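Enquirer: Have a look at the structure that comes next, please.
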Amino acid sequence: MEMPVLAAAVVPIFAANPFTDPVGVIHYLVVGAVLFTAGIACMTLKRNALGVLMGIELVLNGANMNFVAFSSPYLRADGAPTLGLDGQVIALFVILLAAAEAAVALAITLNFYNNHATVDVDRADDLKG
Amino acid sequence: MEIFHVGNTVMGGSALMLDTLLPFAASVPSQHVSLPFGAVVLAGINWHSVLFLLFAALTCAFAIGVVAADNVVRMALYLVFSLGSAAGLFFLAGAEFIGAMQLMIYVGGTLVLLVFGVMLTAQAPFVSIKPSSSDKTLAAVAGASLLALLLTAVFSVDAWLAPGAGVVPPPSATPLGMALVGVRVDDSPVGAPSTGRSGYMLPFEIVSVHLLVVLVGAAYLARAKRRKTPRAIDALASSEPFAGRAAVSGAVQVTGARAAGGSSSALVGGGR
Amino acid sequence: MADFLIGLGLPGWLAWTVAALVAAVLILNVIAGGALAFIWAERKIAARIQDRLGPTRTGGRFGWLQSLADGIKLLAKEDLMPEGADGLLFRLAPYVSFCASFCAFIALPFAFDVVGQRLNVGVFFVVAVLGLEVFGVILAGYASASKWSLFGAMREAAQVVSYEVPLGMCVVVPVMLAGTMDLVTIAEKQAGWFTNWYLFHDPFTFVVFWVYVTCAVASVNRAPFDLAEAESELVAGFHTEYSGLRWSFFFMAEYGSMFLVSALAAVLFMGGWNGPVPVATILGLSEGTGDTAAYLVRLIGLANLIGKATLGVLAMMWIRWTLPRLRIDQVMTTCLKYCTPIAAVMFAGAMLWQLFLPAGLLPGWRRPPGEVREGWLEGPGGSAVGHGVPVSGIGPASRDVLATRSPR
Amino acid sequence: MAHLIDDDPRIIEFDVRTDEMLVNMGPQHPSTHGVLRLVLRTDGEIVSETEPHIGYLHRCAEKIGENVSPRQWIPYTDRLDYLAAMNMNLGWALTVEKLMRHEVSEKARHLRVLIAELNRIASHLVGMGAYGLDLGTFSPFLYAFREREKILDLFEEACGARLTYSYLTVGGATADLPSGWLQKCEAFLDQFEPVIKEYHALLTTNAIFVKRTAGIGLLSREMAIDYGCSGPVLRGSGVDQDMRRDGESIYTGMYDGYAFEVAVQKDGRYPRDHTYPTVPSEAILGDCWHRFFVRMLEVVQSMDLVRQAIDRYAACREPLGEPLKLSEKLPIGDAYLETEAPKGQMGFYVVGNGTSIPWRVRARSSSFSNLSVTHALCRGCLIADVPAIVGSLDIVMGEIDR
């Protein structure tokens, strides 16, 4: 059921000339989805604590992409409702909190490194029962 | 009111620089549709779309690069490129302030990541903690499924599939700034003045305090532990009358260096 | 120009591409050509400061072709890479540095309307992008597989990240006075005599300017803050292992950044393209009096801004050839214990001044600022921006008009 | 002083678990004054161990000295401290003269003082300029060289060489000064005197310079003596010792009647302190700043001595006297003499066996002893301080490696 829907949706997109047609929300959402997926994959795959952190940044950025897309009036047909300023403000807060999160995560990583001499998250199993 | 009717700038994109120097350029009138980042639709080519495709491709490619790379420093570099291109996308969406913010904070924060990557792997420059290939396969499968799911969801809303109109007021950071201090001056989504909507004063303050807390917290977590250690300068401390002063200056020098090399970069960078 | 090309019969997309490329190449030339000129100037200035002659022969008199000759030599040099280096990053690093320096020029106005891309967050953009230059340095330091390079890179990271804080605070002061982050508007607000410059706006801005100068010198790694390449300590710091053209890219990035921060100082504090004496106004030229007049006004503005920026660059050279280098902890102390608090206090001071003495001590001496502010505070009814009070650049009201007017 | 309690020197901060790094500074490094190789063990920017590796410039100078006659070895002494070749010539010549109990004429004595002190100025100028270079400022280096060039011009006129003079030799000097030389020398001194103020402005009192040198590389009085330091390094630590005053009579006799005060801090002040910039409050006796300052004072002191020597030399009516012949037999016996070279006490040892060729020749280099404190001084300092400290010792590798 889903795949035909997807195909039906995707085909017109590919049929359209990307060089002439204006960009819509959907374009940004696709980019956001790719970023999100890459982030999730990064978080699960990497054993390096810094890699995990980078995955988180990617995920947050993917979310941000959606917020900005929904807030932007350029990407909507004339008069269509947008998130307006709220989307931008939320994106802003996400960026700020991501910075804060990165600072704390780095501090934790640093402490972890001090205790274990590695940044391999698989070694963080001290609390395993 | 102080208004500068310089709006022509917005339309010509980067081609303007020469235009302003060449008087003859102004002679031929033409019709363009205003789009953010100065892109124009002309003779069928939508430069806004082209730039979007460019930045989107870069963003996605480098995001995948982050996943694929094994070396932390390379990962960080790809992340920087990905986030930088994403900032370009924000500019294209008319969120210039968010874009600049992304460049400044996110990319700056990643800079610190990069530095840490270098520092924590310095003992063997190109050491990498590699995931096994089975993990990689699993991640690829899971990632592909997740992407398919997300894309399905994305394409399932008809309203999102509509192309953008492109003609709207040029971006300005002022409404955003005003909203952060509690005054909403922007249009409501449907076009009517939105008198009832509140600004973001309180969240803004909360985030500020949050940042401060994080700054202090990170400083505490990564703080320097002091330890008493005999040093060469102690030999001086016991014998000479001037040694007291000598020792003091020596200590200033050493602690200063410590702060410079390690923790302060983390603090300043992370806290921004 | 694109229109001109269309007039010649070129297809539109090609015309715009060509026009955009020409503009990009122009900015590139500002950096590359500027770097050539500045390197020559630096050699001559250093020589004169040190009782030498500097280059005298290449290109006839004054050795004015020396930089070009050096450039050709660098082109011909072998592109070496250390054995243990991370090849990709090593090759990429100079370009990252250069691109960051180059990109920041996009938003820099050279004269009224002579700007690659006018951004309403211009200041923010320039400062943010300028901060990216450090990536190239860190990558170079890391990828060189040399300990000296690594030292240089780590120093640079700590230094640049720290100095961005006071630099940002300094930049915020003119932004606050102008009420916009648009560089064009900021410069435009200082039009007229030099007394209108934000440098002389109030005592706080005067102090802030000098803090900005300090931080700018530090953020572009010039002596006495040139720790990343500290010759006597780290051999050549982050670019120890580089040779030939790649090395020269670092060099161009450095000179590009120097010019950029100087130009930014000119725009933020010294009236941008508005000269100390409003020559154009005295001559009766203005944007409105015709194409030729507008052209002349811009030319004068261009000369003004480039002159000021060059002055800034020359001052940096002067400092470099006079002062010893600070130590890394002293550099950090300068930033964290002096620049940051001073900038913060001056920011608060300028803010209070703006609140209580908006007209300045000598009303009439300066144009009273603050017209736009009244517009902002019309209330949350959404009227300020949406309905006729464009704060930065154009509002929708003018948009419709513009759609029918030709781009200039 | 309350705020200083936090900065207890015995407390080092430890935050990140760090690995030590072994870094080679030199032999090809811009600030190691020739071919010195320092192996630094560092923790980040902090140096925990500095090990000088020497010998890159070894050329068997002493062994050569045992195969040629003393006058033939003079050119080899030029190459010991090539920045102060005259002083090297003088040290060796005096040592051989001590062995032979030879006394030079009055005129030769004043000529030697004149030339040796002039070369001391030249040597300290290089030391000063190169020190500025170590701290990252290029211009004083060229200002120093500009003045040094004038001294070299004078030397060139006197002996034909600009670096390796072989001018002062056993039994006097190879030739008398040409006519008009004294006037040129005086003209130089008059012109040079105000230039010193510029040096003080650019370096000695420069805020950044003071920050980089004051309190850095502290060498205590005891340590300086224990390590056998000499010259400005020793006096910079407050030890009142100068071979020109405290040496053996054959050397101090040369300076008989000359008025000079040893440039050392006594009771908290330097001689003629009032004419010089005051000592900054951050500076501690024995740090890099004091070593540098002592050199600057010695430049003026040497200028004074040169002026006095010019007068005395001009007053001498007797001839200069011929240097000893190459074939002159050395008596059986040995002699050791230390002279005050610009870098410190330069000692020569010679054993004669009745032939014209010495049986044993040995040189005691001041730079060698001065360099030996590097390890002690650099422990716990920053990488940036290593050039500052090594530069303040003002070593010359030619003298160390011999």
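From first to last, the protein sequence lines stand for chains A, B, C and D.
Our numbering puts the first residue of the first sequence at 73, with every later residue one more than the last.
Our numbering puts the first residue of the second sequence at 155, with every later residue one more than the last.
Our numbering puts the first residue of the third sequence at 323, with every later residue one more than the last.
Our numbering puts the first residue of the fourth sequence at 1028, with every later residue one more than the last.
Ideal placement from N, C-alpha and C gives every residue a C-beta, glycine not left out.
The structure displayed is predicted, hence computed values, not measured ones.
(1) Under the assumption that Ile460(C) contacts Glu486(C) (Cβ atoms under 8 Å), give the Cβ distance between them as a whole number of angstroms.
(2) DSSP on Asp224(B), reduced to helix/strand/coil?
(3) How would you list, in chain order, the residues of chain A whose beta-carbon sits under 7 Å from the beta-carbon of Met229(B)?
(4) Chain B beta carbons: is any one of them nearer than 9 Å to that of Leu199(A)?
(5) Any contact of the segment 1067-1083 of chain D with the segment 495-515 of chain C, i.e. 3+ C-beta pairs under 8 Å?
(6) What do you reckon, are the CB atoms on Tyr577(C) and Leu402(C) nearer than 9 Å?
(7) Would you call the CB atoms of Leu1107(D) and Glu1426(D) closer than 9 Å?
(8) In angstroms with no decimal places, state the Cα-to-Cα distance between Gly104(A) and Ala294(B).
(9) How about Val1423(D) and Cys1405(D): are their beta carbons less than 9 Å apart?
(10) Taking Ser143(A) and Leu157(A) to be in contact with their CB atoms under 8 Å, please state how far apart those CB atoms are, rounded to whole angstroms.
(11) Apply the 10 Å Cβ neighbour rule to Cys1087(D) and answer buried if 16 or more other Cβ atoms are within range, or exposed otherwise.
(12) Kindly indicate which three-state DSSP category Gln1372(D) falls into: helix, strand or coil?
(13) Out of Thr264(B), Ser299(B), Thr328(B) and Thr306(B), state which residue places its alpha-carbon closest to the alpha-carbon of Val124(A).
(14) Got a sec, what are the start and stop residues for the beta strand (DSSP E) Asp1070(D) sits in?
(15) Put Val1378(D) into one of helix, strand or coil per three-state DSSP.
(16) Helix, strand or coil, according to DSSP, for Thr339(C) in the structure here?
(17) I want to see whether chain A comes within less than 9 Å of Gly242(B), judged by CB atoms only; does it?
(18) Anything in chain B within Cβ reach of Ile353(C), meaning under 9 Å, just list it in chain order.
(19) By the 10 Å Cβ neighbour count, where 16 or more other Cβ atoms means buried, how is Asp1253(D) classified, buried or exposed?
(20) Please state if the CB of Arg649(C) and the CB of Asp548(C) are separated by a distance shorter than 9 Å.
(21) Let's test the definition: count the other Cβ atoms within 10 Å of the Cβ of Pro690(C) and tell me whether it reaches 16, buried, or not, exposed.
(22) I'd like to know if Val335(B) contacts chain A, where contact means its C-beta is closer than 9 Å to some C-beta of that chain.
(23) Considering only the alpha carbon of each residue, which of Gly382(C), Lys366(C), Ala341(C) and Phe420(C) lies closest to Leu452(C)?
(24) Using beta-carbon positions only, say whether Ala429(C) and Val456(C) come within less than 9 Å of one another.
(25) Determine the direct distance from the alpha carbon of Pro1369(D) to that of Leu1110(D), and round the result to whole angstroms.
(26) Between the Cα of Ile1337(D) and those of Ala1214(D), Leu1246(D) and Gly1258(D), spot the shortest distance and give me the residue it belongs to.
(27) Could you tell me whether the Cβ of Ala666(C) comes closer than 9 Å to any Cβ of chain B?
(28) Can you list the residues of chain C that Glu250(B) reaches, using a CB-CB cut of under 7 Å?
(29) I'd like to know whether the C-beta atoms of Ala135(A) and Val221(B) end up nearer to each other than 9 Å.
(30) Can you tell me where the alpha helix (DSSP H) with Ser1394(D) in it begins and where it stops?
(31) Do we get a CB-CB distance below 9 Å when we pair Leu189(B) with the residues of chain A?
(32) In the DSSP assignment, find the beta strand (DSSP E) that holds Asn1051(D) and state where it starts and stops.
(33) Residues in its own chain within less than 8 Å of Leu1126(D) by CB, not counting five upstream and five downstream?
(34) Please state whether DSSP places Arg1106(D) in a helix, a strand or coil.
(35) Should Ala247(B) be flagged as near chain F, meaning a C-beta pair shorter than 9 Å?
(36) Kindly provide the ranges of any alpha helix (DSSP H) runs that are 4 or more residues long and lie completely inside the segment 617-690 of chain C, ordered along the chain.
Expert: Concretely, from the data shown:
(1) Start at 1 with the first residue of the third sequence, and residue 460(C) comes out as number 138. Start at 1 with the first residue of the third sequence, and residue 486(C) comes out as number 164. Contact between Ile460(C) and Glu486(C) is ruled out by a C-beta separation of about 14 Å, above the 8 Å threshold.
(2) By 1-based counting over the second sequence, the position of residue 224(B) is 70. Here Asp224(B) sits in coil by DSSP.
(3) By 1-based counting over the second sequence, the position of residue 229(B) is 75. Ordered by position in chain A, the residues that pass the 7 Å Cβ test against Met229(B) are Gly123 and Met126.
(4) Position 127 of the first sequence, counted from the start, is the residue given in the question as residue 199(A). Not one chain B Cβ lies under 9 Å of Leu199(A).
(5) Remark: fewer than three beta-carbon pairs, one from each stretch, lie closer than 8 Å, so the segment 1067-1083 of chain D and the segment 495-515 of chain C are not flagged as touching.
(6) Residue 577(C) sits at position 255 when you count from the first residue of the third sequence. Residue 402(C) sits at position 80 when you count from the first residue of the third sequence. Taking 9 Å as the Cβ cut-off, Tyr577(C) and Leu402(C) do not qualify as a contacting pair.
(7) On the fourth sequence, residue 1107(D) is found 80 positions in, with the first residue counted as 1. On the fourth sequence, residue 1426(D) is found 399 positions in, with the first residue counted as 1. When the beta-carbon positions are compared, Leu1107(D) and Glu1426(D) come within less than 9 Å of each other.
(8) One-based indexing of the first sequence puts residue 104(A) at position 32. One-based indexing of the second sequence puts residue 294(B) at position 140. Distance from the CA atom of Gly104(A) to the CA atom of Ala294(B), rounded to whole angstroms, is 18 Å.
(9) Taking the first residue of the fourth sequence as 1, we reach residue 1423(D) at position 396. Taking the first residue of the fourth sequence as 1, we reach residue 1405(D) at position 378. No, these two residues do not count as a Cβ contact at 9 Å.
(10) In the first sequence, counting from the first residue as 1, residue 143(A) sits at position 71. In the first sequence, counting from the first residue as 1, residue 157(A) sits at position 85. Right, their Cβ atoms sit about 7 Å apart.
(11) Here residue 1087(D) refers to the residue found at position 60 of the fourth sequence. Counting Cβ neighbours within 10 Å, Cys1087(D) comes out exposed, since fewer than 16 surround it.
(12) The residue you call residue 1372(D) lines up with position 345 of the fourth sequence. Gln1372(D): strand per DSSP, three-state reduction.
(13) Locating residue 124(A) in the first sequence gives position 52, where the first residue counts as 1. Of the candidates Thr264(B), Ser299(B), Thr328(B) and Thr306(B), the one whose C-alpha sits nearest the C-alpha of Val124(A) is Thr264(B).
(14) Residue mapping note: residue 1070(D) aligns to position 43 of the fourth sequence, counting from 1. Where Asp1070(D) is concerned, the enclosing beta strand (DSSP E) stretches over Arg1064 to Asp1070.
(15) Along the fourth sequence, one-based indexing puts residue 1378(D) at 351. DSSP, reduced to helix, strand and coil, places Val1378(D) within a strand of the structure shown.
(16) By 1-based counting over the third sequence, the position of residue 339(C) is 17. In the structure shown, Thr339(C) adopts helical secondary structure according to DSSP, grouped into three states.
(17) For this step, residue 242(B) is matched to residue 88 along the second sequence. No Cβ of chain A is located within less than 9 Å of the beta carbon of Gly242(B).
(18) As a position in the third sequence, residue 353(C) is number 31, starting the count at 1. In chain order: nothing, as chain B lies at least about 14 Å away.
(19) On the fourth sequence, residue 1253(D) is found 226 positions in, with the first residue counted as 1. Counting Cβ neighbours within 10 Å, Asp1253(D) comes out exposed, since fewer than 16 surround it.
(20) As a first step, residue 548(C) must be located in the third sequence, where it is residue number 226. As a first step, residue 649(C) must be located in the third sequence, where it is residue number 327. In this structure, Arg649(C) does not lie closer than 9 Å to Asp548(C) by Cβ.
(21) Translated into the one-based positions of the third sequence, residue 690(C) becomes position 368. Bear in mind that the predicted position of Pro690(C) carries a pLDDT of just 44, short of 50, making it unreliable; the figure below should be weighed with that in mind. Around the beta-carbon of Pro690(C), fewer than 16 other beta-carbon atoms lie within 10 Å, marking it exposed.
(22) Position 181 of the second sequence, counting from 1, holds the residue named residue 335(B). Chain A, which has no Cβ nearer than 9 Å to the Cβ of Val335(B), makes this no.
(23) Position 130 of the third sequence, counted from the first residue, corresponds to residue 452(C). The alpha carbon of Leu452(C) has as its nearest neighbour, out of Gly382(C), Lys366(C), Ala341(C) and Phe420(C), the alpha carbon of Phe420(C).
(24) Counted from its first residue, the third sequence places residue 429(C) at position 107. Counted from its first residue, the third sequence places residue 456(C) at position 134. For Ala429(C) and Val456(C), no; Cβs fall outside 9 Å.
(25) Here the question's residue 1110(D) lines up with position 83 in the fourth sequence. Here the question's residue 1369(D) lines up with position 342 in the fourth sequence. As the crow flies, the alpha-carbon of Leu1110(D) is around 9 Å from that of Pro1369(D).
(26) As a first step, residue 1337(D) is located in the fourth sequence; it is residue number 310 there, counting from the start. Ranking the options by Cα distance to Ile1337(D), first place goes to Ala1214(D).
(27) On the third sequence, position 344 is the one that residue 666(C) refers to. Taking Cβ atoms only, chain B never reaches closer than 9 Å to Ala666(C), which makes this a no.
(28) Residue numbering aside, residue 250(B) sits at position 96 when the second sequence is read from its first letter. Residues of chain C with a Cβ closer than 7 Å to the Cβ of Glu250(B) are, in chain order, Leu441, Asn442 and Val443.
(29) The sequence position of residue 135(A) within the first sequence is 63, counting from 1. The sequence position of residue 221(B) within the second sequence is 67, counting from 1. Result no, Cβ atoms of Ala135(A) and Val221(B) do not sit closer than 9 Å.
(30) Within the fourth sequence, numbered from 1, the residue matching residue 1394(D) stands at position 367. Run containing Ser1394(D): Ser1393 to Leu1398, per the alpha helix (DSSP H) assignment.
(31) As a working mapping, residue 189(B) is identified with position 35 in the second sequence. Residue placement at Leu189(B) is poorly supported in this model, since its pLDDT is 45, which falls under 50; the coordinates still yield a value, given next. Closer than 9 Å: yes.
(32) For the purposes of this step, residue 1051(D) is taken as the residue at position 24 of the fourth sequence. Met1048 to Met1052 is the extent of the beta strand (DSSP E) around Asn1051(D).
(33) As a first step, residue 1126(D) is located in the fourth sequence; it is residue number 99 there, counting from the start. Taking Leu1126(D) as the centre and dropping the five residues before and after it, the same chain places the C-beta of Leu1357, Pro1358, Gly1360, Asp1361, Ala1362, Val1377 and Gly1379 closer than 8 Å to its C-beta, in chain order.
(34) What you label residue 1106(D) is simply residue 79 of the fourth sequence in a count that begins at 1. Correct three-state label for Arg1106(D): coil.
(35) Among the protein chains in the structure shown, which are A, B, C and D, there is no chain F.
(36) Qualifying alpha helix (DSSP H) stretches, in chain order: 650-655 and 662-678.
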